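Residue numbers (the working numbering), protein chains in the order written: chain A, 1 to 318; chain B, 319 to 750.
Glycine included, each C-beta is placed from N, C-alpha and C at the ideal position.
Being a predicted model, the structure only gives us computed values, none of them experimental.
What follows is a single structure, written as structure tokens, with notes after it.
Listed below in structure tokens is the structure:
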């Protein structure tokens with residue numbers, strides 16, 4: 001029971017982190033119809049910028065400044081890159097962001113090298129918040145949960161309760177009409193892209209010290225983020241939230257509990273072939289849940305796509 | 319990209335050729351002759367290795383372009399089909415009894431069938447939609463299968479991969495493929511066969527419908543074709559040729575690992591295909607040749623080759639969506655008018671200066687990299703066959719000056735080039 005609680009918290013941290021990335025990605029998708037392949041690269045840039053800033057001004061200024069820099073960079077990419085490629089269609093846009101992801105990874109290696117950066121959590125948060133049956137929960141995890149929830153509530157408030165949010169929502173669905181009403185739709189698009197990438201930047205800043213700040217960090221998380229928004233339904237914010245938490249918990253729990261395929265197969269009434277090392281099914285019998293934890297999201301995605309092609313919360317025509 | 323991707327019905331050449339199987343023979347004969355004599359020109363072992371790699375990449379890139387260029391489907395996980403085909407072939411190589419019954423040149427057929435089988439399964443649910451959805455599914459499935467390679471050890475061999483020996487096959491007219499050159503001719507033969515088949519495929523009604531579905535799926539549906547089935551058949555055919563490429567890889571290197579399956583590999587083939595140009599059949603061929611050269615030759619010269627490649631790729635997507643082939647084909651109207659020669663001098667002036675500017679910029683990048691990442695105390699570096707101290711000011715001044723002057727001249731002469739371009743593309747006597 002206690003272990004379940006600990007894993008719930010761990011999964012929540014992973015899920016919320018994933019959500020900060022997928023929220024921006026799904027907003028950008030519903031706006032421009034293009035998936036930003038470089039989204040996780042902005043997450044990486046957030047971590048690196050924050051690390052560089054924290055060397056001079058400390059962690060908190062990094063948390064404040066790095067996402068802003070990332071957001072401005074993202075807006076610049078939209079203004080001078082994507083808008084130009086947009087005329088060629090969606091597939092070239094996707095290829096463009098793919099190229100950008102490659103370029104950013106190479107750029108990061110060029111500037112900071114291939115090694116992991118010594119980016120650490122701030123000292124003020126290096127204590128144990130509380131412990132559950134001997135499992136201590138670091139304060140930094142609680143801080144991560146707090147930040148992500150605050151950002152989610154803020155985002156929800158801005159999108160649904162303010163005038164700016166209303167205009168953005170309208171521009172997502174009827175850009176022509178909103179433009180005819182006198183709003184600068186390209187500017188809105190640029191702003192949303194900037195905010196989306198800034199969110200990824202925040203995720204990078206707070207995840208960098210925990211998950212490690214290294215050139216492969218975008219690649220590690222990148223495809224999981226895509227899987228998340230495909231499962232949640234392309235363009236759906238709630239879908240992104242549900243799918244993020246789902247993936248966070250699934251991976252955490254399957255890593256924490258060592259479920260063995262052998263037990264499952266025996267329970268189903270199969271007999272273990274002997275000798276096992278010579279059997280063609282030996283890999284199936286030796287599978288354990290921690291081993292496949294990282295590919296469970298992909299399996300989930302394939303299943304979702306087969307049985308519910310538009311995702312959990314997606315619209316049929318998305 | 320639209321201008322190259324869209325089939326223009328007013329162009330007689332395309333309308334006439336649609337559906338008919340008459341193809342211009344001369345380029346194919348020339349290509350076959352070139353492939354035959356290349357090993358006599360480049361006799362070094364390393365050159366043959368590079369050419370083998372090149373031919374495999376060409377087949378793979380052409381197969382990839384069946385999806386991207388001809389079908390409008392962007393796949394982020396196509397290495398999986400090549401990889402699985404290759405893995406299957408290594409397993410066949412290891413089945414002593416069976417392998418000694420078949421000649422090695424037939425092995426790619428099995429690889430192709432394996433790739434095709436996997437594509438049939440995946441295509442059954444991934445080809446419902448084109449565009450973004452297809453791209454995402456291909457990425458997910460690609461990641462899934464690549465990740466499986468460390469779990470399903472029986473087939474993928476885990477981290478160290480699996481290896482075989484090609485020489486155990488039935489001798490093919492006495493040839494046992496012990497030497498690199500024999501393998502070269504095997505690969506070359508398969509290159510010609512697959513390229514011809516893929517070209518013919520693009521000329522069949524099915525290949526033509528793939529173009530129609532790419533450009534306007536609704537209209538194709540109204541004409542009575544199921545867009546989904548057309549996509550599915552393209553996908554399966556592409557899977558076959560990707561499998562052939564994978565099988566040739568297995569024959570050439572005799573080892574396959576997880577690296578042949580993963581997303582990086584899939585990304586590289588997208589890079590090669592797009593750089594070459596997706597709008598023309600020969601685009602991926604160009605792309606594969608240039609890409610392999612960059613990968614093998616440039617990577618020996620500099621650690622930063624992937625960085626330059628990334629820059630070139632992003633610039634290509636932004637400014638030349640037709641790729642290399644598109645750039646070449648831009649000159650066809652001027653050639654028809656017989657005025658191609660007028661572009662020569664302006665080209666040398668602008669592009670020559672621009673190239674010098676690029677070399678200067680590359681020098682700056684290399685020097686910065688050396689300054690930041692070289693081991694402490696290591697101050698001397700060699701660039702363009704010149705050895706100098708990277709911590710002194712003089713090389714920096716020279717590099718900056720070369721860069722600025724190069725780009726400056728290119729910029730100054732650009733209007734003249736534009737003028738010459740307009741002139742070369744306007745028939746004499748036509749109103750300007």
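Collapsing the DSSP output to three states places residue 490 of chain B in a strand. The bridge partners DSSP lists for residue 135 of chain A are A:132.
Interface with chain A (8 Å Cβ-Cβ cutoff): residue 446 of chain B is included.
Nearest CB-CB separation between residue 381 of chain B and chain A: not below the 8 Å threshold. By the criterion of at least three beta-carbon pairs nearer than 8 Å, the segment 375-392 of chain B is in contact with the segment 515-525 of chain B. In the three-state reduction of the DSSP assignment, residue 213 of chain A falls in the strand class, which pools E and B. Taking a C-beta distance under 8 Å as the contact criterion, residue 61 of chain A and residue 53 of chain A qualify as a contact pair.
CA-to-CA, the gap between residue 50 of chain A and residue 13 of chain A works out to about 20 Å.
Contact note: residue 214 of chain A does not reach chain B at a C-beta cutoff of 9 Å; the least C-beta distance is about 15 Å.
DSSP places residue 342 of chain B outside both helix and strand once states are collapsed to three, so it counts as coil. Taking a cut-off of 8 Å for Cβ pairs, the segment 556-565 of chain B and the segment 430-445 of chain B touch, as three or more such pairs fall below it. Collapsing the DSSP output to three states places residue 614 of chain B in a helix. The beta carbon of residue 282 of chain A falls within 8 Å of a beta carbon belonging to chain B, placing the residue at that interface. For residue 707 of chain B, the enclosing beta strand (DSSP E) starts and ends at 704-707.
Here residue 574 of chain B is actually not in contact with residue 504 of chain B; their C-beta atoms are around 17 Å apart, not less than 8 Å. In the three-state scheme derived from DSSP, where H, G and I count as helix and E and B as strand, residue 648 of chain B is classed as coil. Cβ neighbours of residue 567 of chain B within its own chain (closer than 6 Å, five residues either side excluded): 374, 404. Interface annotation, residue 88 of chain A: in contact with chain B, CB-CB separation under 8 Å.
Where residue 701 of chain B is concerned, the enclosing beta strand (DSSP E) starts and stops at 698-701.
Boundaries of the alpha helix (DSSP H) around residue 372 of chain B: 363-389.
Judged by DSSP in its simplified three-state form, residue 273 of chain A adopts coil rather than helix or strand. Inclusion of residue 90 of chain A and residue 450 of chain B in the CB contact set at 8 Å is warranted, their separation being smaller than that value. Residues of the segment 632-646 of chain B with a C-beta atom less than 7 Å from some C-beta of chain A are 632, 635, 636, 639, listed in chain order. Between residue 433 of chain B and residue 525 of chain B, the gap from beta carbon to beta carbon reaches 8 Å or more. Contiguous alpha helix (DSSP H) elements confined to the segment 453-489 of chain B occur at 471-474, taking only those with 4 or more residues.
Approximately 5 Å separates the beta-carbon atoms of residue 26 of chain A and residue 229 of chain A; this is inside 8 Å, confirming the contact.
The segment 100-112 of chain A and the segment 170-184 of chain A do not touch, with fewer than three beta-carbon pairs separated by less than 8 Å.
Sequence-distant partners of residue 290 of chain A (beyond 5 residues in either direction) whose C-beta falls short of 7 Å from its own C-beta, in its chain, are 254, 255, 258. Interface flag for residue 477 of chain B against chain A is unset, since no Cβ pair is found closer than 8 Å.
In the three-state reduction of the DSSP assignment, residue 288 of chain A falls in the strand class. Bounds of the alpha helix (DSSP H) holding residue 529 of chain B are 523-533. For residue 250 of chain A, not one C-beta of chain B is nearer than 8 Å to its own C-beta. A distance below 8 Å separates the beta carbons of residue 94 of chain A and residue 453 of chain B. In the three-state scheme derived from DSSP, where H, G and I count as helix and E and B as strand, residue 426 of chain B is classed as helix. The contact set of residue 353 of chain B on chain A, defined by CB atoms closer than 8 Å, is empty, because the minimum CB distance reaches about 30 Å. Comparing alpha carbon positions, the residue from B:542, B:535, B:744 closest to residue 656 of chain B is B:744.
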